Structures are given as structure tokens and as C-alpha cells.
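What follows is a single structure, written as C-alpha cells, with notes after it.
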Amino acid sequence: MTDSMTRLRIGIIGAGEVTQIIHLPTLCQLSHLYKFTAICDLSRKNAEHCAAKYHIPKVTTDPQEIINSPDVDIVFISVSDEFHEPYAIAALEAQKNVFIEKPITLSMQSAQRIIDAEKKSKGRVWVGYMRRHSRTFTDAFKRELESIPKILYARSRDFSGPNGKFTSQSGTFPVKNTDFPRSAGAERNKRVDALLKEAFGGEPTPEQVKYARFLGSLGSHDLSLMREALGFPEDVTAVTVNEPFYTATFKCRNKSGDPFFVTYESGIDGVPEFDAHLAVYGENKRVTIFYDSPYIKTQKPVMVRVQEVNDAGEVQTREIISSFEDAFATEFQDMHDCLVNGKEIKTSAEDAINELKLYDLMYAKYAETSK
1 MTDSMTRLRI
11 GIIGAGEVTQ
21 IIHLPTLCQL
31 SHLYKFTAIC
41 DLSRKNAEHC
51 AAKYHIPKVT
61 TDPQEIINSP
71 DVDIVFISVS
81 DEFHEPYAIA
91 ALEAQKNVFI
101 EKPITLSMQS
111 AQRIIDAEKK
121 SKGRVWVGYM
131 RRHSRTFTDA
141 FKRELESIPK
151 ILYARSRDFS
161 GPNGKFTSQS
171 GTFPVKNTDF
181 PRSAGAERNK
191 RVDALLKEAF
201 GGEPTPEQVK
211 YARFLGSLGS
221 HDLSLMREAL
231 GFPEDVTAVT
241 VNEPFYTATF
251 KCRNKSGDPF
261 FVTYESGIDG
271 VPEFDAHLAV
281 YGENKRVTIF
291 YDSPYIKTQK
301 PVMVRVQEVN
311 DAGEVQTREI
321 ISSFEDAFAT
331 EFQDMHDCLV
341 NGKEIKTSAE
351 DAINELKLYD
361 LMYAKYAETS
371 K
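Anchor point for the sequence shown: position 61 equals 61 in our numbering, and the numbering is continuous, going up by one each time.
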């Protein structure tokens, strides 16, 4: 395994928007930890564009060439959700480490198959929930949250605006080519249909399909962050769907066992403002963490705002930034440390299956309220 004691050799499956705008530029800046050895995409033009830009020696349209390559230590899977499972399992069977861009997949059964494959492999699975690796989240937010004696309420919000507005002005000049095989669309639809039938226990309605795809895209970031910060909800008490806006209410428990509720609200409108935060309310203290769009160079650093009443009855406001590094950079540093030094992976496949458990509870409540 040449050079892999210090630098992990990356083979990338998927040369789309996230790869071009985020993964490649960020990993390139971490060249002391990683190096690119191969890239694959159904569009050879996309793959060749990335290879030329980032000096990647091998280009292919066959994912199996990445998976079987002796020059790859970790397979980056950054393709549409329905292809995560087959590529992840194949890579694990080839004894490779695997990075899966969130969500891990679209059904509980599919996630379990990935977990089962990992148990038989020398490779390990990392799921890309970058917000949970922000130093401001792991250090400042969780520290301040711990000092709230009793949580009374929490709110998770993510109104992302038109994503294309951010991606087109990211400064990375992504390309979108269409030289795909004619069969690609049919294969994709077939896999999506099979996974969502598993997820819903039968043929999903068009509304359920939209809901599932939304939760897997934007929702997964918020709900994963909420799970780590507040624990897995005891119940989903309400769900509203007015596509493209979605809300839910979760029942959680304090350390004391007392209940509190979390409101989740998310959606996409035409206003190019990225409004994403998790706010937690105690009796005399509020703690909120704010995230900006990861697609723009001038993104604001992740920040925590603390509002509290002091002993004199005065309101104090503090703002905390633990690090100016973006969450993807810290995530990939954490990933290298875990894979090279055998440390525990918190955004593991076994963690990610809890995301799908939560989706199932939300689907059930949606079905109940939409009758």
C-alpha cells in the first residue's frame, strides 16, 4: 500500500456537482493526507474535466475499475443515492475503505446490507455528515448545550434557497456534461423504485417519493445534527408536507427524563439566503449554531450564539467561533485520523441507519395525517 501510512489514495466514483465544488478542492488542500489516483463518472467528459483540473492519473466510466484498483485505499461514492449500496458493498468486498456522501441509502434494509458487508470486510464506512465535524459544533455548541440544566424547547431550521444560485457562483466553475449511456436513466429509475418500495413497504405515492428524496438531500444534514446534539427522538408527534416545505415535531427527553419538543422546519424557495441553524432553549439560556452554504468561497464560519440571563438579571450575548476551517476540511481530517489510526467513526454506517429509522417514523406519521 504505497504511501498510504500518511497519505490515503482516493478513487472517486461520481464527478458531479458536489465532487467538483466541494470534495476535490477541499481534498486538494489536504494533499499531505490524501492523493487522487482515479476518478469515474458515467460522463467521461465530466471525469476528464476533473482529472485535468486536479491532475488525477486515471479516468474511467466503469466504477468496478476504481473498486478493484490496487492503487486505491478509499473509494469516494458521490453519486445518486440509489447507487450507494451496490458500490459500497463492492468496495467493502474488495477490502476498501468507503466514503459515502449522505444519505447512506434510501431504505433501512439497504443500509443493513451495507452494515453486514462492512462486518465481513477490512474496510470501514464513513458517511458524509460534515456539519457534525465542525469544530464549533463539537467544541463550543456541545459544551454550551451541556450547561443548560433543563432543555425546554429546540428548533431545527434549514431554508436553503435556490441551490443553483450558490453553485453557479462557487468560484469552482463546475461542468455538467450529458454524454451518458442511453440505459443510465432507466437503470437509475429501476433502483430508486426498488429502494423506495422497500422503504414504504409497497408502491409509494408521488408525494412520498418527493418527501423521501427531500429528507435524503437537505433533511439528512439537519436531522443527523439534531440526533447527535439532542439524542434520538422518542416520537414523531406531527408532520406537515406542503412541497417544497416540510415540518415535523419530535418528542425528546432531557437528562432528567422530562420531555421537550423539537420543531423541524425546512424547505426551498427562490430567495438566495441560506438560513440553517439548530437552536436550543433553556430557562435562562439559549444556544444556537448557525451554518452557511458550503458552496460559496465567502461562506461565514460556523458560529454559536449564546444568550443568557446573568445573576444580575441582565441579558448577555456571546458569539463563539471555535475554528475558521470549513466543516468539510475538518471532516476529512477526522476521517484520515480514524482510518489511519483505527479510531472510532461517529458518522458510521451504524450511526446512519438511525437516520433511516427516523425517516420511517416520519413517513408513518405523514401517512397517518394524510388519510
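Virtual Cβ for every residue (Gly too), placed ideally from N, Cα, C.
Note that the structure is a prediction, hence the values are computed from the model and not measured.
Nonlocal neighbours in the same chain, by C-beta distance under 6 Å from residue i, ignoring five residues either side
| i | result |
| --- | --- |
| T60 | C40 |
| E93 | none |
| L361 | V236 |
| Q316 | E308 and N310 |
| M130 | A327, F328 and E331 |
| N46 | A15 and N177 |
| Q244 | A small correction: the amino acid at residue 244 is Pro; Gln does not occupy that position in the sequence shown. Result list for P244: G267 and I268, in chain order. |
Through-space distance from residue j to residue i, alpha-carbon basis
| i | j | result |
| --- | --- | --- |
| F274 | R113 | 35 Å |
| E139 | A276 | This sequence places Asp at residue 139; Glu is not what is there. The alpha-carbon atoms of D139 and A276 are separated by roughly 19 Å. |
| E258 | I148 | With the sequence shown as reference, residue 258 is identified as Asp, and Glu is not the correct amino acid for it. Roughly 14 Å between the two C-alpha positions. |
| G216 | D222 | 10 Å |
| E331 | S134 | 7 Å |
| E325 | S224 | 20 Å |
| H49 | I89 | 28 Å |
| S4 | F99 | Low confidence applies here, because S4 scores a pLDDT of 42, under 50, leaving its location unreliable; read the following figure in that light. Looking at the two C-alpha atoms, the distance is approximately 16 Å. |
| M226 | T247 | 14 Å |
| L195 | G171 | 35 Å |
| K346 | G219 | 19 Å |
| Q208 | E350 | 25 Å |
| G267 | R213 | 12 Å |
| K388 | I67 | No answer is possible for residue 388: the residues shown for the chain start at 1 and end at 371. |
| V306 | T249 | 24 Å |
| A367 | T263 | 19 Å |
| P294 | H84 | 22 Å |
| R124 | V287 | 34 Å |
| D193 | T205 | 11 Å |
| I74 | S156 | 33 Å |
| I56 | S69 | 14 Å |
| G409 | I296 | Nothing can be reported for residue 409: it is not among the residues displayed for the chain, which extend from 1 to 371. |
| Y54 | I115 | 32 Å |
| Q299 | R132 | 17 Å |
| S107 | S121 | 22 Å |
Contacts around residue i, its chain only, beta-carbon distance under 7 Å, and the 5 residues preceding and following it disregarded
| i | result |
| --- | --- |
| V18 | S78 and E101 |
| T369 | V239 |
| R188 | S80 and E82 |
| Y153 | F260, F261 and Y281 |
| N354 | R227 and F232 |
Run of the alpha helix (DSSP H) containing residue i, from where it starts to where it stops
| i | result |
| --- | --- |
| T167 | N163 to T167 |
| N372 | The shown model of the chain, from 1 to 371, leaves out residue 372, and the question about it has no answer. |
| E198 | A184 to F200 |
| I353 | A349 to T369 |
| E331 | A327 to N341 |
| E228 | S220 to L230 |
| T26 | L24 to Q29 |
| I115 | M108 to K119 |
| K142 | K142 to E146 |
| I268 | I268 -> no alpha helix (DSSP H), and no H or E assigned at all. |
Classification of residue i by the beta-carbon crowding that lies within 10 angstroms, buried from 16 upward
| i | result |
| --- | --- |
| T2 | Confidence is the limiting factor: at T2 the pLDDT is only 39, short of 50, which leaves the residue's position unreliable, though a coordinate-based value still follows. Its Cβ having fewer than 16 others within 10 Å, T2 is exposed. |
| I21 | buried |
| I321 | exposed |
| E144 | buried |
| T37 | buried |
| A186 | exposed |
| N97 | buried |
| D334 | buried |
| H23 | buried |
| F141 | buried |
Beta-carbon proximity list for residue i, same chain, < 8 Å, skipping 5 on both sides
| i | result |
| --- | --- |
| T136 | I289, P301, V302, M303, V304, I320, I321, S322 and S323 |
| R253 | G231, E234, P259 and F260 |
| T6 | H32, L33 and V340 |
| Y363 | A199, F200, Q208, Y211 and A212 |
| H336 | L8, L30, L33 and Y34 |
Identity of the residues DSSP links to residue i by a beta bridge
| i | result |
| --- | --- |
| D275 | F159 |
| E203 | The partner list for E203 (beta bridge, DSSP) is empty, contrary to what the question assumes. |
| V280 | A154 and V287 |
| G128 | E101 |
Residue i beta carbon near the ligand ZN (any heavy atom closer than 8 Å)
| i | result |
| --- | --- |
| E325 | In terms of ligand content, the structure shown is empty, and the ligand ZN therefore cannot be addressed. |
Beta strand (DSSP E) segment containing residue i, residue limits
| i | result |
| --- | --- |
| M303 | M303 to V309 |
| Q316 | V315 to I320 |
| R7 | First-last for R7: undefined, no H or E at that position. |
| A238 | D235 to N242 |
| I74 | I74 to I77 |
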